[in-house]
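Asks: Please find one structure pasted underneath; my questions will follow.
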Amino acid sequence: MNSYLLSAGAFFVLGTSAAFSHVTLETQEAAIGSTYKAVLRVPHGCEGKATTAVRVQIPEGVISVKPMPKPGWTLQVKKGRYEKSYQLHGQAVTSGAKQIDWSGGSLPDEFYDEFVFRGTLAADLPAGQTLYFPVVQECEGAAERWIEIPAAGQDEDALEYPAPGLKLAPKQ
Amino acid sequence: MIFWRRALFERARRCFCGRDMSAASLLRTGCTTGRAICLLAAIVLFAAIAAPGQAFAHAALVTTEPTDGAVLAQSPAQFSLTFSEPVSPLVLALVRPDGTPVPLTSFRLNAQTVNIDNPHRLGSGTHVLSWRVISADGHPVGGSVLFSIGAPGAAPAVSEAVDRGLRSAIWVGKVFLYVGLFLGVGGAFAIAWLAQGGRAGQLIVIAAILCGLVAAPLSLGLQGLDALGAPLARLAQPDIWKAGLATSFGRTVLVALVALGLGLLSLVGPRGGAKLFALAGLAGVGAALAASGHASAAEPQWLTRPMVFLHGAGIAFWAGALAPLGLAMRRKPVEAAPFLRRFSQAILPVVAVLAAAGIVLAVVQVQASAALLETAYGRLLLVKLALLLFLFTLAAINRWKLTGPAEAGETEVQKKLVRSIGIEMLIVLAIFGVAAGWRFTPPPRALAIAAAQPASVHIHTAKAMADLSITPGHVGPVAASIVIMTGDFGPLDAEQVTLVLSKPDSGIEPIKRAATKPGDGSWRVDDLVVPVPGRWTARLDILVSDFEMVKIEAPIEIRPK
Chain D
1 MNSYLLSAGA
11 FFVLGTSAAF
21 SHVTLETQEA
31 AIGSTYKAVL
41 RVPHGCEGKA
51 TTAVRVQIPE
61 GVISVKPMPK
71 PGWTLQVKKG
81 RYEKSYQLHG
91 QAVTSGAKQI
101 DWSGGSLPDE
111 FYDEFVFRGT
121 LAADLPAGQT
131 LYFPVVQECE
141 GAAERWIEIP
151 AAGQDEDALE
161 YPAPGLKLAP
171 KQ
Chain G
1 MIFWRRALFE
11 RARRCFCGRD
21 MSAASLLRTG
31 CTTGRAICLL
41 AAIVLFAAIA
51 APGQAFAHAA
61 LVTTEPTDGA
71 VLAQSPAQFS
81 LTFSEPVSPL
91 VLALVRPDGT
101 PVPLTSFRLN
111 AQTVNIDNPH
121 RLGSGTHVLS
131 WRVISADGHP
141 VGGSVLFSIG
151 APGAAPAVSE
161 AVDRGLRSAI
171 WVGKVFLYVG
181 LFLGVGGAFA
191 IAWLAQGGRA
201 GQLIVIAAIL
211 CGLVAAPLSL
221 GLQGLDALGA
231 PLARLAQPDI
241 WKAGLATSFG
251 RTVLVALVAL
261 GLGLLSLVGP
271 RGGAKLFALA
281 GLAGVGAALA
291 ASGHASAAEP
301 QWLTRPMVFL
311 HGAGIAFWAG
321 ALAPLGLAMR
331 RKPVEAAPFL
341 RRFSQAILPV
351 VAVLAAAGIV
361 LAVVQVQASA
371 ALLETAYGRL
381 LLVKLALLLF
391 LFTLAAINRW
401 KLTGPAEAGE
411 TEVQKKLVRS
421 IGIEMLIVLA
431 IFGVAAGWRF
441 TPPPRALAIA
451 AAQPASVHIH
461 TAKAMADLSI
471 TPGHVGPVAA
481 SIVIMTGDFG
491 PLDAEQVTLV
501 LSKPDSGIEP
511 IKRAATKPGD
521 GSWRVDDLVV
531 PVPGRWTARL
541 DILVSDFEMV
551 KIEAPIEIRP
561 K
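Protein chains in written order, with the numbering used here: chain D, 1 to 172; chain G, 1 to 561.
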């Protein structure tokens, strides 16, 4: 109990600021089979430097992905084949966006911004598990890679650069 | 996955040649042989007490597979030991968890690496890979590597105690070998070349040669015991002698026996050949010393071996002449005058060559002057230098103050000269004792090589593996070299590699450095300083692709400086 309180206290003091400094998703839980609007929150640059590009890798099972254009940023979508075929509105979908790049912009360290895309969470994704969207944040001459995925049983808080995660809820 | 056990690690790289020779037993053995030997023993006792606690190998163990303290999932098919210089294995054994030793006889030498086949399937528990090898200087070193199958258990008991009686015997054998070579063969040379028909001191010289003739083969057997780590009781067994003969000291003994034989022949053989035999014997003394030992094994060989030869032959010339000359002076001062004249004419260039060779060897061996005080080898050298200073002072007085009047026939001066020569003899014996002590102290040159050895670790996971070496493997400014591969030994073309060194128990924040690619397929970190010794955790963050990072880590032991 004591150690729980202690660690809870530690989380309160250290954890909140740490969580704030990570690139995260605004909505961190969504049901499988639903449409999901992903809002990537970029709270700061890389060690004080302005952010110039944000790249996100779309995990397998997130289909029909469309990014939202952003004024001042060049948008690029890298498409590829999915590992398997998915059913969407009665049609087979076998390829789509695998990576989205927003580049050529400049987001100073002292400002905050969001990068948005939308997609469908395939109905056969495993509910209860977490889906990770690895993000590379590029700055002038530096980069921060929010790409760490916890190993089985590993505490997510122990990671230095965790990938933004989305908890999959059962189908509604 | 590799696990480590802290306590076990300390057992690796244990060296059998250190300072822990028994000074007390040396003293005991020595004192029975007379007061002069007692003096030597006292000097070596002093050196042994003053020696530092840490023992170093002559050939240093660099890496092992499995690593010391490793926990393996299954029985390895092979072991490998990599040293700082080429070695030949003497005894390789695997000690099972229940303490039963299994000799490992199938091995291959590949440059500095010994690859050993493991013929048995090992059960779970902690095993000890016990090794004993010999390096080019002819001095055996040994140690053990502990590893476990499945999970670590209690380490089996391995007897590694230093055999003090054996060490004392080796030392005494070496002193007597020196007596035979320098006083015996050198004395025979003096009688043949300088005494002009006088035979004074012949009995002592013959006695010295016989002493050498006994000590030389005995030393070979003792060397064999040391090589195999066997107790004195096994001296009679043939494999002991075979092992001794196979080391480079075996060559020394064979050449020494020839030199001793030639010396004896020049004294008791046909008169006509006496000079030739004596000269060949003197050359044999130099050759015997140049055949093995620290100094002869040092690089550059084209320099050190001839220097050891000259040094040895010079000592034999000088030290060998002392007894015949002193005795000739005491018994027949008038007849001894030409002997004295010839000796004093020749001794200056001989001592010049002897000293020059000695200085060259000392510079090669000691390298940095600080090592004179910091290492046991350096302290023995200082003791030897002090004795030499005393000896040179006496010799100079003899040469420039006493020789002239003695040759002119002043009896008082002649008596003084004889007494002085007697003291010189004692100092020479003491120097032999000190020099024989070097058998147990690796030279600073070898210590520097050992200190410069990298700390290495092999990290193997399913996703990636890496060989990380930190050079030198001690605290201070270091460079890290990293070779990465995929988990199944394939090439791994990483986009970026970051080295993170941390030591949580010392309250040091992780030291994080991005590695660069020098272009030879490896990764390097140059601007690194390791502040404290001990067990660090080395983590490698390998960026396999834009979105995939593999992190692998293992403990790495950083030595104190």
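In this text, a Cβ means the ideal position worked out from N, Cα and C, and glycines have one as well.
Taking any Cβ of chain G, which residues in the region 144–164 of chain D have a Cβ under 7 Å from it, in chain order?
Replies: Within the region 144–164 of chain D, the qualifying residues are Arg145, Ile147 and Glu148.
Asks: Taking C-beta pairs closer than 7 Å, name the residues in chain D that Met549 (chain G) reaches, listed in chain order.
Replies: Position 549 of the second sequence holds residue 549 (chain G). The answer, in chain order, is Arg145, Ile147 and Glu148.
Asks: So, at 8 Å on beta carbons, what are the nonlocal neighbours of Lys275 (chain G) in its own chain, with the 5 sequence-adjacent residues on each side left out?
Replies: Residue 275 (chain G) sits at position 275 when you count from the first residue of the second sequence. Correct list, in chain order: Ala192, Trp193 and Ser266.
Asks: Answer yes or no: do Leu492 (chain G) and Arg539 (chain G) have a C-beta to C-beta separation smaller than 9 Å?
Replies: Along the second sequence, one-based indexing puts residue 492 (chain G) at 492. Along the second sequence, one-based indexing puts residue 539 (chain G) at 539. No, Cβ-Cβ distance for Leu492 (chain G) and Arg539 (chain G) is not below 9 Å.
Asks: By the DSSP assignment, the alpha helix (DSSP H) with Tyr178 (chain G) in it spans what residues?
Replies: Stepping through the second sequence from its first residue, residue 178 (chain G) is reached at position 178. Its alpha helix (DSSP H) spans residues Arg164 to Tyr178.
Asks: With DSSP run on the structure shown, which of helix, strand or coil describes Ala73 (chain G)?
Replies: Taking the second sequence and counting its residues from 1, the one referred to as residue 73 (chain G) is at position 73. It is coil, neither helix nor strand.
Asks: At a cut of 8 Å, does the region 184–204 of chain G reach the region 296–312 of chain G through at least three beta carbon pairs?
Replies: Output reads no: the region 296–312 of chain G does not touch the region 184–204 of chain G.
Asks: Kindly indicate which residue of G:Ser75, G:Leu109 and G:Ala169 has the alpha-carbon position closest to the one of Leu129 (chain G).
Replies: The count along the second sequence starts at 1 and reaches residue 129 (chain G) at position 129. Considering only alpha carbons, the answer is G:Ser75.
Asks: Which complete beta strand (DSSP E) runs does the region 128–166 of chain D hold, if anything under 3 residues is left out?
Replies: List check, beta strand (DSSP E) in window: 130–132, 135–139 and 142–146.
Asks: Does Ile149 (chain G) pass the burial test, meaning 16 or more other C-beta atoms within 10 Å, or should it be called exposed?
Replies: Taking the second sequence and counting its residues from 1, the one referred to as residue 149 (chain G) is at position 149. It is buried - the Cβ of Ile149 (chain G) has at least 16 other Cβ atoms within 10 Å.
Asks: Comparing the C-beta of Asp527 (chain G) with each C-beta of chain D, is any distance below 9 Å?
Replies: Here residue 527 (chain G) refers to the residue found at position 527 of the second sequence. Answer no: the Cβ-Cβ gap between Asp527 (chain G) and chain D never drops below 9 Å.
Asks: From which residue to which residue does the beta strand (DSSP E) around Ser219 (chain G) run?
Replies: To locate residue 219 (chain G), count along the second sequence from 1; it is residue 219. Element bounds for Ser219 (chain G): not the beta strand (DSSP E) but the alpha helix (DSSP H), Gln202 to Leu228.
Asks: Is the separation between the beta-carbon of Leu225 (chain G) and that of Leu213 (chain G) shorter than 9 Å?
Replies: Taking the first residue of the second sequence as position 1, residue 225 (chain G) is located at position 225. Taking the first residue of the second sequence as position 1, residue 213 (chain G) is located at position 213. In this structure, Leu213 (chain G) does not lie closer than 9 Å to Leu225 (chain G) by Cβ.
Asks: Can you tell which of G:Trp318, G:Leu381, G:Phe339 and G:Leu394 has the C-alpha that lies nearest to the C-alpha of Ile359 (chain G)?
Replies: Sequence index remark: in the second sequence, residue 359 (chain G) carries index 359 (1-based). That would be G:Leu381, whose Cα lies nearest to the Cα of Ile359 (chain G).
Asks: When the Cα of Val334 (chain G) is compared with those of G:Met549, G:Ile315, G:Gly198 and G:Leu385, which residue comes out closest?
Replies: For the purposes of this step, residue 334 (chain G) is identified with residue 334 of the second sequence, where counting begins at 1. Considering only alpha carbons, the answer is G:Gly198.
Asks: Going along the chain, which residues of its own chain have a beta-carbon closer than 7 Å to the beta-carbon of Val77 (chain D), five neighbours each way excluded?
Replies: Along the first sequence, one-based indexing puts residue 77 (chain D) at 77. Closer than 7 Å at the Cβ level, and outside the excluded window around Val77 (chain D), lie Pro67, Ala97 and Ile100.
Asks: Label Phe176 (chain G) either buried or exposed according to how many other C-beta atoms from any shown protein chain fall within 10 Å of its C-beta, with 16 as the threshold for buried.
Replies: Residue mapping note: residue 176 (chain G) aligns to position 176 of the second sequence, counting from 1. Buried, since its Cβ has 16 or more Cβ neighbours within 10 Å.
Asks: Using a Cβ-Cβ distance under 9 Å, would Leu543 (chain G) count as near chain D?
Replies: Position 543 of the second sequence, counted from the start, is the residue given in the question as residue 543 (chain G). Chain D, which has a Cβ nearer than 9 Å to the Cβ of Leu543 (chain G), makes this yes.
Asks: Find out if the Cβ-Cβ distance for the pair Ile32 (chain D), Gly119 (chain D) is shorter than 9 Å.
Replies: Within the first sequence, residue 32 (chain D) is the residue found at index 32, counting from 1. Within the first sequence, residue 119 (chain D) is the residue found at index 119, counting from 1. No. Outside cutoff.
Asks: From which residue to which residue does the alpha helix (DSSP H) around Met465 (chain G) run?
Replies: Numbered from 1 along the second sequence, position 465 holds the residue referred to as residue 465 (chain G). Taken as a continuous stretch (DSSP letters only), Met465 (chain G) belongs to no alpha helix (DSSP H), being part of the beta strand (DSSP E) at Ala464 to Thr471.
Asks: Measure from the alpha carbon of Ala514 (chain G) to the alpha carbon of each residue in G:Leu385, G:Thr498 and G:Leu528, then state which is nearest.
Replies: By 1-based counting over the second sequence, the position of residue 514 (chain G) is 514. Looking at the Cα atoms, G:Thr498 is the closest of the given residues.
Asks: Report the three-state DSSP secondary structure of Ala494 (chain G) (helix, strand or coil).
Replies: Numbered from its first residue, the second sequence carries residue 494 (chain G) at position 494. Of the three classes helix, strand and coil, the one that applies to Ala494 (chain G) here is coil, per DSSP.
Asks: Buried or exposed for Thr64 (chain G), going by 16 or more other Cβ atoms inside 10 Å?
Replies: As a first step, residue 64 (chain G) is located in the second sequence; it is residue number 64 there, counting from the start. Thr64 (chain G) is buried by the Cβ-count criterion.
Asks: Mind checking which residues open and close the beta strand (DSSP E) that includes Trp523 (chain G)?
Replies: Against the second sequence, residue 523 (chain G) aligns to sequence position 523. Trp523 to Val530 is the span of the beta strand (DSSP E), which, as asked, contains Trp523 (chain G).
Asks: Which class does Tyr112 (chain D) belong to by DSSP, given the choice of helix, strand or coil?
Replies: Counting from one through the first sequence, the residue named residue 112 (chain D) turns up at place 112. Three-state DSSP puts Tyr112 (chain D) in coil, outside helix and strand.
Asks: Give the straight-line distance between the Cα atoms of Gly293 (chain G) and Ala328 (chain G), rounded to the nearest whole angstrom.
Replies: The residue labelled residue 293 (chain G) in the question sits at position 293 within the second sequence. The residue labelled residue 328 (chain G) in the question sits at position 328 within the second sequence. Spanning the two alpha carbons is a distance of roughly 35 Å.
Asks: What residue from G:Thr411, G:Gln112, G:Leu391 and G:Pro443 has the CA that sits closest to Ile421 (chain G)'s CA?
Replies: Working through the second sequence from its first residue, we reach residue 421 (chain G) at position 421. Out of G:Thr411, G:Gln112, G:Leu391 and G:Pro443, G:Leu391 has the C-alpha closest to the C-alpha of Ile421 (chain G).
Asks: Looking at the structure shown, is Val475 (chain G) part of a helix, part of a strand, or coil, going by DSSP?
Replies: What you label residue 475 (chain G) is simply residue 475 of the second sequence in a count that begins at 1. DSSP places Val475 (chain G) in coil when its eight states are reduced to three.
Asks: May I ask you to report which of helix, strand or coil DSSP gives Pro306 (chain G)?
Replies: What you label residue 306 (chain G) is simply residue 306 of the second sequence in a count that begins at 1. Correct three-state label for Pro306 (chain G): helix.
Asks: Quick one: is Gln76 (chain D) near chain G, going by C-beta distance under 9 Å?
Replies: Reading the first sequence from its first residue, position 76 is the one you call residue 76 (chain D). So no, Gln76 (chain D) is outside the interface.
Asks: Just checking my contact of Pro444 (chain G) with Gln365 (chain G) at CB under 8 Å: how many whole Å lie between their CB atoms?
Replies: In the second sequence, residue 444 (chain G) corresponds to position 444, counting from 1. In the second sequence, residue 365 (chain G) corresponds to position 365, counting from 1. The Cβ separation is near 6 Å, so the contact holds.
Asks: Output yes if chain B places a C-beta closer than 9 Å to the C-beta of Arg118 (chain D); else output no.
Replies: Within the model displayed, chain B is absent; protein chains D and G are what it includes.
Asks: Only counting runs of 3 or more residues, tell me where the beta strand (DSSP E) segments fall wholly within the region 257–333 of chain G, in order along the chain.
Replies: The region 257–333 of chain G contains no whole beta strand (DSSP E) run of 3 or more residues.
Asks: Going by C-alpha to C-alpha distance, which of G:Ala455, G:Ala288 and G:Ala256 sits closest to Leu61 (chain G)?
Replies: As a first step, residue 61 (chain G) is located in the second sequence; it is residue number 61 there, counting from the start. Looking at the Cα atoms, G:Ala455 is the closest of the given residues.
Asks: Can you name, in chain order, every residue of its own chain whose Cβ lies under 8 Å from the Cβ of Asp546 (chain G), other than the five neighbours on each side?
Replies: The sequence position of residue 546 (chain G) within the second sequence is 546, counting from 1. Within the same chain, Asp546 (chain G) has close Cβ partners Glu495.
Asks: Taking DSSP's pairing of strands, which residues face Asp101 (chain D) in a bridge?
Replies: Stepping through the first sequence from its first residue, residue 101 (chain D) is reached at position 101. Bridge partners of Asp101 (chain D): D:Arg55 and D:Gln76.
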